[in-house]
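If you want the numbering used here, it's the position in the sequence shown, counting the first as 1, plus 738.
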Amino acid sequence: MKDIEEVKLKNSAETDYEILSLLKHRYSPRTFQKKNIENEHLNQLFEAARWSASSNNLQPWRFIYAEKGTGAYQSIFDCLSDFNKKWANNAPLLMLSAYKEKTDDGKENFHALHDLGLCLGSMTVQAQHLGIGLHHMAGVDWEKAQKVFDVPDGFHVTTAIALGYYGGNLDKLTEELQKQEVAKRQRRDAETFAFKGAWNKNKNK
Numbered sequence: 739m740k741d742i743e744e745v746k747l748k749n750s751a752e753t754d755y756e757i758l759s760l761l762k763h764r765y766s767p768r769t770f771q772k773k774n775i776e777n778e779h780l781n782q783l784f785e786a787a788r789w790s791a792s793s794n795n796l797q798p799w800r801f802i803y804a805e806k807g808t809g810a811y812q813s814i815f816d817c818l819s820d821f822n823k824k825w826a827n828n829a830p831l832l833m834l835s836a837y838k839e840k841t842d843d844g845k846e847n848f849h850a851l852h853d854l855g856l857c858l859g860s861m862t863v864q865a866q867h868l869g870i871g872l873h874h875m876a877g878v879d880w881e882k883a884q885k886v887f888d889v890p891d892g893f894h895v896t897t898a899i900a901l902g903y904y905g906g907n908l909d910k911l912t913e914e915l916q917k918q919e920v921a922k923r924q925r926r927d928a929e930t931f932a933f934k935g936a937w938n939k940n941k942n943k
């Protein structure tokens, strides 16, 4: 049995420049310790989200969350893609993110999705500080989730998130997922997405 904590420490990002340790060691786990997230820690995650930046301070983010063993947890799990269902029930808590599509005066909020991303970034860093891993998932049937949770018109379910304390063991994952869990982490070089002065048309991929 190989403890995932050992894997995490050995698989921190090999950065080109030194960055905060919280960012360097952050990754998206697929197995977690077998314990619920403490209420104090959960409150801290939402407090971090609460104080993230948003356009005109509209704070368009919304969340639905549930602990393992509850009907709501199973309902979120049932909305996940088949791939994510292979591992997501390892998480002690599942969450759906959503955003408010329009401003209070009825105008389209073009920046709502951007603000949700900022909010989740703040939550992720706070979670890392607490030893909690967040695995953000695009693989969710958002239309099904809207119906199951009776999400009102004007709000859009966006992603699902698996949360839990870093830990657990690789034996809970399929062989394919174990390989992904320990694979060397890679990212694009900054020069492929950060252009000084003008768009670099030679790097359009």
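For each residue, glycine too, the CB sits at the ideal point set by N, CA and C.
It should be emphasised that the depicted structure is a prediction, and the values quoted were computed from it without experimental measurement.
- Do Leu710 and Val895 have their C-beta atoms within less than 8 angstroms of each other? The structure shown does not extend to residue 710, since the chain is modelled only from 739 to 943, so the question has no answer here.
- Task: Evaluate Asn760 with the Cβ neighbour count: other Cβ atoms within 10 Å of its Cβ, from every protein chain shown; 16 or more gives buried, anything less gives exposed.
- Result: In the sequence shown, the residue the question calls residue 760 occupies position 22. Reading the sequence as shown, one finds Leu at residue 760 and not Asn. Leu760 is classed as exposed because its beta carbon has fewer than 16 other beta carbons within 10 Å across all chains shown.
- Task: Tell me Ile757's beta-bridge partners as DSSP assigns them.
- Result: Working through the sequence shown from its first residue, we reach residue 757 at position 19. In DSSP, Ile757 forms no bridge with anything.
- Is it right to say Gly935 is buried, meaning 16 or more other beta carbons lie within 10 angstroms of its own, or is it exposed? Locating residue 935 in the sequence shown gives position 197, where the first residue counts as 1. By the neighbour-count rule (16 or more Cβ atoms within 10 Å), Gly935 is not buried but exposed.
- Quick one: using the 10 Å Cβ neighbour count with 16 as the cut-off for buried, is Tyr700 buried or exposed? Residue 700 is absent from the structure shown; the chain starts at 739 and stops at 943.
- Return helix, strand or coil for Ala876, following the three-state DSSP convention. To locate residue 876, count along the sequence shown from 1; it is residue 138. Taken through DSSP and simplified to helix, strand or coil, Ala876 comes out as coil.
- Item | First and last residue of the uninterrupted alpha helix (DSSP H) at Ala865 | Sequence index remark: in the sequence shown, residue 865 carries index 127 (1-based). 850-867 is the span of the alpha helix (DSSP H), which, as asked, contains Ala865.
- Which residue comes first and which comes last in the beta strand (DSSP E) that contains Leu831? Residue 831 sits at position 93 when you count from the first residue of the sequence shown. Run containing Leu831: 831-838, per the beta strand (DSSP E) assignment.
- Query: Just the Cα atoms here: how many angstroms apart are Leu872 and Thr769?
  - Reply: As a position in the sequence shown, residue 872 is number 134, starting the count at 1. As a position in the sequence shown, residue 769 is number 31, starting the count at 1. Answer to the nearest angstrom: the Cα atoms are 11 angstroms apart.
- How about Phe887 and Ile802: do their beta carbons lie closer than 8 angstroms? Indexing the sequence shown from 1 puts residue 887 at position 149. Indexing the sequence shown from 1 puts residue 802 at position 64. Yes, these two residues count as a Cβ contact at 8 angstroms.
- Task: Identify whether Phe713 lies in helix, strand or coil by the three-state DSSP scheme.
- Result: Because the chain in this structure spans residues 739 to 943, residue 713 falls outside the shown range and cannot be described.
- Query: Using a Cβ-Cβ cut-off of 7 angstroms (strictly less than) and excluding sequence neighbours within five positions of Asp879, which residues of its own chain qualify?
  - Reply: Here residue 879 corresponds to residue number 141 of the sequence shown, with the count starting at 1. Same-chain partners within the cutoff: Cys817.
- To which residues of the same chain is Asn827 closer than 7 angstroms at the C-beta, ignoring the five residues directly before and after it? The count along the sequence shown starts at 1 and reaches residue 827 at position 89. Closer than 7 angstroms at the Cβ level, and outside the excluded window around Asn827, lie Phe815.
- Message: Here's a check: name, in chain order, each residue in its chain whose Cβ is nearer than 7 angstroms to the Cβ of Thr753, leaving out the five neighbours to either side.
- Response: Numbered from its first residue, the sequence shown carries residue 753 at position 15. Contacts found: Lys762.
- Is the region 785-794 touching the region 844-855 in the sense that three or more CB pairs, one from each, lie closer than 8 angstroms? yes
- Query: Taking the Cβ atom as the reference point for each residue, do Gln864 and Leu780 lie within a distance shorter than 8 angstroms?
  - Reply: Translated into the one-based positions of the sequence shown, residue 864 becomes position 126. Translated into the one-based positions of the sequence shown, residue 780 becomes position 42. In this structure, Leu780 does not lie closer than 8 angstroms to Gln864 by Cβ.
- Message: Between which residues of its own chain and Lys910 is the CB-CB distance below 6 angstroms, once the five residues before and five after are set aside?
- Response: Counting from one through the sequence shown, the residue named residue 910 turns up at place 172. Excluding positions up to five away in sequence, the list reads Thr769, Asn828.
- Query: Hey, is the region 834-849 in contact with the region 797-811, meaning 3+ C-beta pairs nearer than 8 angstroms?
  - Reply: yes
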